[in-house]
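In what follows, a single structure is set out as structure tokens and then discussed.
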Amino acid sequence: LKARQEFNRERFGIFIHWGIYSMLADGEWVQNRKDINYEEYALLANAFYPSKFNADEWAELFREAGAGYVTFTSRHHDGFSMFRTKASPYNIMDATPFKRDVIGELADACRKEGLKIHFYYSQVDWGREDYLPLGSSGQVGGRMKGGDWNSYLKFMDAQLTELLTQYGLVGAIWFDGMSST
């Protein structure tokens with residue numbers, strides 16, 4: 001109840017949807033909408049280098065705009081993680097030439113500006129072979145049918161533990177994507 005009251009008091013926040021899908025300039029569902037093979041889509045990471053990213057500038061602008069919190073896409077349905085994770089090499093630190101933890105930088109910058117950091121986290125994964133259920137959005141991109149839900153839950157638990165322990169106090173986790181078959 002206290003968290004809900006604080007959220008209501010903050011009133012205005014920034015929600016940033018950003019990942020390797022941004023390179024295609026067609027929204028975060030581009031892999032699904034354009035039926036891009038998940039193995040080919042993963043190659044986008046090889047060229048992801050957001051050279052103008054500056055967490056301090058972003059956080060200052062957000063504070064000046066009157067925001068109380070920032071919600072950042074830590075991982076969308078494409079399965080790419082925008083943070084340092086040991087659970088998968090498909091992340092900004094290991095799979096890109098950028099090799100910087102944008103979530104770590106943004107979390108630090110937000111704290112300096114008095115903003116809470118929230119993480120968006122997709123429970124769906126269009127590329128991992130162990131993810132179930134495929135649901136309506138998992139039927140494209142060439143991913144094999146089948147999976148191992150227990151394996152996927154271990155993966156999710158590992159990533160969520162990392163998000164909740166590597167970046168200081170986290171204001172919220174925004175879960176998205178449980179699809180039905």
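Quick note: the sequence shown uses this note's numbering, first residue 1, plus one each step. C-beta atoms are modelled at their ideal positions from N, C-alpha and C, and glycine is treated no differently.
- Bridge partners of Thr165 according to DSSP: none are assigned.
- Taking C-beta separations shorter than 8 Å and ignoring five residues to either side along the sequence, Lys2 has no partners in its chain.
- Pairwise C-beta distances place the segment 24-39 in contact with the segment 133-151, as three or more of them are shorter than 8 Å.
- Leaving aside the five residues that flank Glu60 on each side, the residues in its chain whose CB is nearer than 7 Å to its CB run, in chain order, Glu113.
- Here the alpha carbon of Asp130 sits roughly 21 Å from the alpha carbon of Ala45.
- Inter-residue distance for His77 and Glu64 is about 31 Å (C-alpha atoms, whole angstroms).
- Around the beta carbon of Ser51, fewer than 16 other beta carbons lie within 10 angstroms, which makes this residue exposed.
- In this structure, DSSP gives Gly13 an extended state, which the three-state scheme calls strand.
- Burial check for Gln5: the Cβ neighbour count within 10 Å stays below 16, so the residue is exposed.
- Counted as a single uninterrupted DSSP element, the alpha helix (DSSP H) harbouring Tyr38 occupies residues Tyr38 to Tyr41.
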